[in-house]
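Chains as they are written, first to last, in my numbering: chain A, 1 to 102; chain B, 103 to 476; chain C, 477 to 679; chain D, 680 to 861; chain E, 862 to 1258. Everything on this sheet refers to the single structure shown next.
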Amino acid sequence: MTLQILLAISAILFAFGLAAALSRSNAIMIVIGIELMLGAANLNFIAFWRFSENPSDLAGILFVIFSIGVAAAEAAVGLAIIILVHRRIRSVEVDDASNLKG
Amino acid sequence: MSFLPSLESPQTIDVSLGPQHPSTHGVFRMNVTLDGETVTRLQPVFGYLHRNHEKIAEGNSWLAAMPYTDRLDYICPLTNNWAYALAVEKLAGIEVAERAEFIRVITAELTRLQNHVAFLGFVLGDMGAWGTALMYAFREREKILDLFESLTGARMMCNYMRFGGCRCDLPPGWLDTTRKLVDGFPKFLDEMEALLTGNEILLARLQGVAPMTADRAINGGMSGPVLRAAGVDYDIRKVDNYGIYNRFKFRVPRGTVGDCYDRFMIRVLEARESVGILKQAIAVIPEGPVVNPKAKQRGFRPPAGEAYGRIEGPKGELGFYLIADGSDKPYRFRIRPPSLINLTLLEELCVGTKIADVMVILGSIDIVLGEVDR
Amino acid sequence: MIFPGSGILKGLAVTARNFAGSYVEKDRLTTEQYPEERPKLPEAARSFPFLVYDGDNPETGMRCVSCKICEKECPPQCIYIIQDRDEAGKAIKRPKVFDIDISVCMSCQICVEVCPFESIRMDQDYELSSFDRFGSLILDKPKLLKSNSYYHSIHPTEAAETDGRIEADRLKKEAAAAAKAAKAAAPSVVSASSSSSQQEGKP
Amino acid sequence: MVTDFLKTCCADPMKLIGEWFVILPALVLLLAAAAAVVMRNLIHAALLLTLSFIALGIVFIALGAEFVGFVQLLVYVGAVAMVIVFSILLTKPDQLTKSRNLLSGFAPAAGVAVAFTALAALLGFIFSSPLAKKPMPAPASAPVAAIGEALMGDYVIALIVLGILLTAALVGAAVIAMEDKP
Amino acid sequence: MISSLESAPIDVLHWFLGLLGSFGVPAWILAIISALIIIGTIIGVFLSLFALTSVMERKILARVQNRYGPNRAGPFGLFQPIADGIKMITKEDLVPRTADWIVHFLAPVVMMVPALLVLAIIPYGRDMVPAELDAGILYFFAVGAGTEVAVFMAGWGSNNKYSVLGAMRAIAQMISYELPLVISAIVTAMISGSLSPSAIVSAQGGFAFGFVPQWFALTPWGFTAGLIFYICALAESNRSPFDLPEGESELVAGHLTEYSGFKYATFFMAEYVGMFAICGMFVTLFLGGWQAPLPFLDIIPSWCWFLGKVCFVAFTMIWVRATLPRLRIDHLLAFAWKFLLPMSFAAFLSAACWHYAGRGPLAWILSLAIVGIPYLLLGNAFTNRFSVSRRTYLFSE
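Below you can see the structure in the form of structure tokens.
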């Protein structure tokens, strides 16, 4: 059970998130992708804290707590924007939101 | 996953608070269009309990129509009987025996008491109080129904009034039990009021919900407690002075705002007034025949003509419009159902309120489907 | 209102008093455990009609003379009577068939009021549920016939009045028969004088 | 093969269990995340996302950071998952299962290609760097009191900023999403 | 072997493990077995409590309404839960054809899991805590958040208008009541200095003036925080004035409309076990967990005190359910955000002042003021719209 396995797991998770964010056309699926990417980053922090020499240095853990807070705020605002977009153009497809395309 | 997108905008949902619903006081359906929580359109559907009462009455003799009136507003059978008897007496010009008039007032006020008390229980049940107030109300109502059973033979299907009086006299000891019950009633009303009127949740659920202005109530044809809650001082007992109501001193409460809370409180205050009337009536009831001997019951042929007799039923102005063509069967037998007419404003009251309020508003109008569908 | 939550507390106090009261005061608990405790019906209670017969033989002691007034007057028309005929085919004053369909009857008691011969009365037996709707809910004559003593047991005062009225009618009829017999027995001698006196005697 | 597996297992069972306690939820996490990404029905995707949040929380707890695991469970499963599910309900209730909801043309393939090249690069660095080969040290645990001291100690400014950020996000989201009633 | 009634359960456990140990069972298997035994007893106790309350609730409700309640099945109706259980199991378990059957099937499972997990951190007796976590309270709320997901799955899985509306309402209610719940629990953690329940219980030990127990509920801020916690507990377990999701009079059975048979029984069980768990947490935080109310009452074992207090709090929940009508959705949310949340902040502030003012009589007055004034102001502002007295009724002769 070395650090490599944990880092590999979080890398795969990050890849799934990125794939979702880039390939899906529904805005909410993109938000789900972002959440997965954030989760992967948190996993990295905790893995490094767990394998560090002196576990009493809690930088990793505190950083994850702050990142969870920010991620929650971001999810809330992001979805609020999606609902507003839906109310304007009656659809959540990313392609339809192309009024600025000229 | 198929949401039923209703006509106006995809956001609204069509919900049918169907005939099979725990708190619609019988088989009554409402097609409600909801935008989230608020009601945008409400279409009442009734007729599930239509038994063709008026056509049956035209096929039967005058006396045979009397037991059917019990089935109209099955919570207040004796006031229905009285309204029909009053209309026939007006049609044929029969005077009523003195003692029968007193018995009619006593039974009518007892019916009003048990109807208003049952109303309190139902409204609380609709709001989710798990039937506690309902059980207290029904415990008292049972005592009144036992009185009716010992007097008329049946708890709810009394068939007791006859043209010109009543069918049989009071059994011995009936008046004493009534007096004991009436004396104990204010204590019970205080207990119910302590449980209900100060309760913040109840105030929040009832006050300011579906207010009705006085002229809107009059134009809508409202009658009874719903009308008086809107602030209109109109009680047929005072207006027509039918029976011997002018011999009793009682007050008629009326509200100011006309919302669900006023309709609720008016019935509580009216119950207290009825207790007052009962006390006065029991004190001065005379002896004597119970039915006018000259009135014929079987093969009764009133002279041709028409009459409209109405009384202040617990739910509103209950009227009977009868046309006689000289035969022993009524030519036309029309009933003015207060529940149905009070129901006409339901949509207007409910639009804009929350779905949870629809049940409370329906409960506050206090309808009985037997009377709505006839 | 000074204490915003006080209304709710008052309500809770009422339910607490009822909760405690139900263990203490017996009159609060009005539930009857039905199969074990039977309800005590008041005297005027009524369920479905039944036919009264005097004496002990139901067929002969029957009061009903099948005049069919109750059949006409019954609002839901649930009584069905066929008059009995003797061998020679002449109608006799007794119903051969007297059925009441108690799934239709609404126990309105109008048949009791209109019956001139006090022969139909309201029973107090309410446990009439059965499995088949057609056969056992139509009570035919044998099921309907019950003795006068049974009638006295369920409606004592009303039974007493009815017997009183029947007694009075019988006496009046006997007096009339005796008077007629007396008149027939002495027609020649006193006919002129007695017949005149008879007239006023019988308005 | 089975016997020596049993022998190692009996030798130091707690260590083995400790190890599996991390790998198992991690597997669940990856499977749930993969399924969430691929799922056509949005609601199923959101529910699988919730499952992956739970699995991530359990991994944190297994790695000794209990406090963070519980916070992750509370914040993500309790709040973020619900917000996502509610926004799905509010925006697209009818055509949930019909559309493939993939970007038009070859964009999806390109997106996935980019993602996997990034993954390959990352894995390359991970497995080549010497730093990552260290074995797992003794089971460490971060007592809540220590976290509390640190939060209130030298990270207090960050905590207050986080508070302000969350309130701003709360009010902002409410204002944006509120129906502009006249 | 059993030294005193007080530690009887623990002695039995150690005796049994010693017996097994003597048969040469390796240590780690012993650890697993002891964990399983503890889990088994807890689940056994709480499921039997569930069975008992399903009949006691109907009997208490009946007695409040002056009737007898179930007394046909067994003496005083005590076999009623068995009858209900058999009925629930034998009833046909129908799933709507167009329903999302996976989500429909998983909802009761996901509902049951948090209800049982939450029992792990409640201290049942003097040193009888199944899982000694130093972030016990946070664990309680973290796992409790799972019920919202389960409610949504139930609502969405049944593919029926009523249940989706009911689910949306339930989640809105649960989320808005979770905030005051967490804050009022944190108040006690702040005063006792740790998030672990057993530390909080021991902080409530001792007796002031010899006989008054120093429970948190008896301090001004503790009483308000306790009341807020109690109200939010009612809302979290969807009971009585807040049982809007299953508002019979409106949306038939809310998110449980399309459930029948064993799945419905699981929801039912989850709701009751959840109710007992949150009652246990209320007792731990505010009523001094397993502390005896009077010093000389220590002869009665501590876990009996805990069980007694939990049953008393459960009784009050049933009593409240019998009395109060249901709140409308907007009142419910307004009550949570505009009254309970500010009041929990006030309780927080007053607890801090109480602590730093030295916990003396002055501290009591100060904390009472900090809690009392917002209560009166907010309360009157909240009920000003409905005051009874202003409503006058005219009478005419």
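Just so you know, even glycine gets a beta-carbon here, dropped at the ideal spot from N, CA and C.
Inset, instruction - Pick helix, strand or coil for Gln1152 (chain E), following the three-state DSSP scheme. - result: Looking up residue 1152 (chain E) in the fifth sequence gives position 291. Three-state result, Gln1152 (chain E): coil.
Legend entry - Beta-carbon contacts of Ile457 (chain B) that lie in its chain and below 7 Å, excluding the five residues immediately before and after: Against the second sequence, residue 457 (chain B) aligns to sequence position 355. Cβ within range, chain order: Val134, Leu136, Glu139, Val141.
Legend entry - Option in B:Gly421, B:Arg476, B:Gln399 with minimal Cα separation from Gly482 (chain B): Residue coverage of chain B in this structure runs from 103 to 476, which leaves residue 482 (chain B) outside it and unanswerable.
Legend entry - Proximity test, Cβ basis, 8 Å: Lys456 (chain B) and chain E: As a position in the second sequence, residue 456 (chain B) is number 354, starting the count at 1. Judged by the 8 Å Cβ criterion, Lys456 (chain B) is in contact with chain E.
Legend entry - Three-state secondary structure (DSSP) of Met229 (chain B): Along the second sequence, one-based indexing puts residue 229 (chain B) at 127. Three-state result, Met229 (chain B): coil.
Inset, instruction - Pick helix, strand or coil for Ala847 (chain D), following the three-state DSSP scheme. - result: Residue mapping note: residue 847 (chain D) aligns to position 168 of the fourth sequence, counting from 1. Correct three-state label for Ala847 (chain D): helix.
Legend entry - Which listed residue (E:Pro931, E:Arg924, E:Ala1213, E:Gly885) has its alpha carbon closest to that of Thr1080 (chain E): Indexing the fifth sequence from 1 puts residue 1080 (chain E) at position 219. Out of E:Pro931, E:Arg924, E:Ala1213, E:Gly885, E:Ala1213 has the C-alpha closest to the C-alpha of Thr1080 (chain E).
Legend entry - Same chain only: Cβ atoms within 6 Å of Asn624 (chain C), ignoring 5 sequence neighbours per side: Here residue 624 (chain C) refers to the residue found at position 148 of the third sequence. So the list reads Val528, Asp530, once near-sequence residues are dropped.
Inset, instruction - Measuring only between beta-carbons, confirm whether Gly531 (chain C) sits less than 8 Å from chain E. - result: For this step, residue 531 (chain C) is matched to residue 55 along the third sequence. It does not: the Cβ of Gly531 (chain C) has no partner Cβ on chain E nearer than 8 Å.
Legend entry - Proximity test, Ala869 (chain E) beta-carbon vs the ligand HEM heavy atom, cut-off 7 Å: Of the ligands one can find in the structure shown there are none, so the ligand HEM has no counterpart to examine.
Inset, instruction - State the DSSP-derived secondary structure class of Ala1218 (chain E), mapped to helix, strand or coil. - result: Position 357 of the fifth sequence, counted from the start, is the residue given in the question as residue 1218 (chain E). Here Ala1218 (chain E) sits in coil by DSSP.
Inset, instruction - List the residues of chain A that Ser715 (chain D) touches, going by C-beta distances under 7 Å, in chain order. - result: To locate residue 715 (chain D), count along the fourth sequence from 1; it is residue 36. First, the amino acid is wrong: residue 715 (chain D) is Ala here, not Ser. Result: Ile32.
Legend entry - chain C contact for Arg241 (chain B) (CB, 8 Å cutoff): Numbered from its first residue, the second sequence carries residue 241 (chain B) at position 139. Yes, because at least one Cβ of chain C sits closer than 8 Å to the Cβ of Arg241 (chain B).
Inset, instruction - Pull up the CB-CB distance for Asp468 (chain B) and Phe148 (chain B), whole angstroms please, since I reckon it's below 8 Å. - result: Here residue 468 (chain B) refers to the residue found at position 366 when the second sequence is read from its first residue. Here residue 148 (chain B) refers to the residue found at position 46 when the second sequence is read from its first residue. Between Phe148 (chain B) and Asp468 (chain B) the Cβ distance is about 15 Å, and since that is not below 8 Å, they are no contact.
Inset, instruction - Classify Ser1110 (chain E) as helix, strand or coil using the three-state DSSP reduction. - result: Here residue 1110 (chain E) refers to the residue found at position 249 when the fifth sequence is read from its first residue. Confidence at Ser1110 (chain E) is low in this model, with a pLDDT of 48, below 50, so its placement is unreliable and no value can be given for it.
Inset, instruction - Could you tell me whether the Cβ of Arg307 (chain B) comes closer than 8 Å to any Cβ of chain E? - result: Within the second sequence, residue 307 (chain B) is the residue found at index 205, counting from 1. Judged by the 8 Å Cβ criterion, Arg307 (chain B) is in contact with chain E.
Inset, instruction - With a threshold of 16 other CB atoms inside 10 Å of the CB of Lys1124 (chain E), please say whether the residue is buried or exposed. - result: Your numbering for residue 1124 (chain E) matches position 263 in the fifth sequence. Buried: at least 16 other Cβ atoms inside 10 Å.
Inset, instruction - Check the Cβ-Cβ distances between Tyr344 (chain B) and every residue of chain C, and say whether any is below 8 Å. - result: Walking along the second sequence from the start, residue 344 (chain B) turns up at place 242. Closer than 8 Å: no.
Legend entry - Residues that Asp872 (chain E) contacts on chain D, provided the C-beta gap is smaller than 7 Å: Within the fifth sequence, the letter at position 11 stands for residue 872 (chain E). Residues of chain D passing the Cβ test: none, with the nearest at roughly 26 Å.
Inset, instruction - Could you tell me whether the segment 941-954 of chain E touches the segment 1190-1210 of chain E, where touching means 3 or more Cβ pairs closer than 8 Å? - result: no
Legend entry - Distance CB(Ala1028 (chain E))-CB(Phe1013 (chain E)) smaller than 8 Å: Working through the fifth sequence from its first residue, we reach residue 1028 (chain E) at position 167. Working through the fifth sequence from its first residue, we reach residue 1013 (chain E) at position 152. Contact: yes.
Inset, instruction - Could you tell me which residues DSSP pairs with Asn133 (chain B) in its beta bridges? - result: Start at 1 with the first residue of the second sequence, and residue 133 (chain B) comes out as number 31. Bridge partners of Asn133 (chain B): B:Ser118, B:Gln145.
Inset, instruction - Determine whether the Cβ of Glu828 (chain D) lies closer than 8 Å to any Cβ atom of chain E. - result: Locating residue 828 (chain D) in the fourth sequence gives position 149, where the first residue counts as 1. It does not; no Cβ of chain E falls within 8 Å.
Legend entry - Uninterrupted alpha helix (DSSP H) stretches inside the segment 237-294 of chain B (no shorter than 4 residues): none
Legend entry - Close Cβ partners of Phe130 (chain B) (< 6 Å) along its chain, the five nearest in sequence each way excluded: Locating residue 130 (chain B) in the second sequence gives position 28, where the first residue counts as 1. Counting only Cβ-Cβ distances below 6 Å, and skipping sequence neighbours, we find Phe148, Leu471.
Inset, instruction - Have a look at E:Ala1033, E:Ala1208, E:Arg1252 and flag the residue whose alpha-carbon is nearest the alpha-carbon of Ala1046 (chain E). - result: As a position in the fifth sequence, residue 1046 (chain E) is number 185, starting the count at 1. Minimum Cα distance to Ala1046 (chain E) is reached at E:Ala1208.
Inset, instruction - Would you give the residue range spanned by the beta strand (DSSP E) that Phe422 (chain B) belongs to? - result: Translated into positions along the second sequence, residue 422 (chain B) becomes position 320. Counting along the chain, the beta strand (DSSP E) containing Phe422 (chain B) begins and ends at 418-426.
Inset, instruction - Return the chain-ordered list of same chain residues with a C-beta closer than 7 Å to the C-beta of Leu967 (chain E), the five sequence neighbours on each side being excluded. - result: Taking the fifth sequence and counting its residues from 1, the one referred to as residue 967 (chain E) is at position 106. Taken in chain order, the residues that qualify are Met1014.
Inset, instruction - Note down the Cα distance separating Leu845 (chain D) from Ala73 (chain A), rounded to an integer number of angstroms. - result: Here residue 845 (chain D) refers to the residue found at position 166 of the fourth sequence. Here residue 73 (chain A) refers to the residue found at position 73 of the first sequence. Taking the straight line joining both Cα atoms gives about 6 Å.
Legend entry - Secondary structure of Ser1257 (chain E), DSSP reduced to three states: Residue mapping note: residue 1257 (chain E) aligns to position 396 of the fifth sequence, counting from 1. If DSSP states are grouped into helix, strand and coil, Ser1257 (chain E) belongs with the strands.
Inset, instruction - State the DSSP-derived secondary structure class of Ile196 (chain B), mapped to helix, strand or coil. - result: What you label residue 196 (chain B) is simply residue 94 of the second sequence in a count that begins at 1. Ile196 (chain B): coil per DSSP, three-state reduction.
Inset, instruction - Please confirm whether Ala520 (chain C) and Gly275 (chain B) have their CB atoms less than 8 Å apart. - result: Position 44 of the third sequence, counting from 1, holds the residue named residue 520 (chain C). Position 173 of the second sequence, counting from 1, holds the residue named residue 275 (chain B). The answer is no: Cβ separation not under 8 Å.
Inset, instruction - Give every residue of the same chain whose Cβ lies closer than 8 Å to the Cβ of Met680 (chain D), excluding the five residues on either side of it in the sequence, and list them in chain order. - result: On the fourth sequence, position 1 is the one that residue 680 (chain D) refers to. Here the model assigns Met680 (chain D) a pLDDT of 45, short of 50, so the residue's position is not dependable, and the following value carries that caveat. Same-chain partners within the cutoff: there are none.
Legend entry - Contacts that Pro822 (chain D) makes with chain E (C-beta to C-beta distance below 7 Å): Here residue 822 (chain D) refers to the residue found at position 143 when the fourth sequence is read from its first residue. Here the neighbours are Asp995.
Inset, instruction - Check the Cβ-Cβ distances between Arg400 (chain B) and every residue of chain C, and say whether any is below 8 Å. - result: Reading the second sequence from its first residue, position 298 is the one you call residue 400 (chain B). Yes, its Cβ sits closer than 8 Å to a Cβ of chain C.
Legend entry - Residue-level contact to chain C via CB, Asn1241 (chain E), 8 Å cutoff: Taking the fifth sequence and counting its residues from 1, one reaches residue 1241 (chain E) at position 380. By this cut-off, Asn1241 (chain E) is an interface position.
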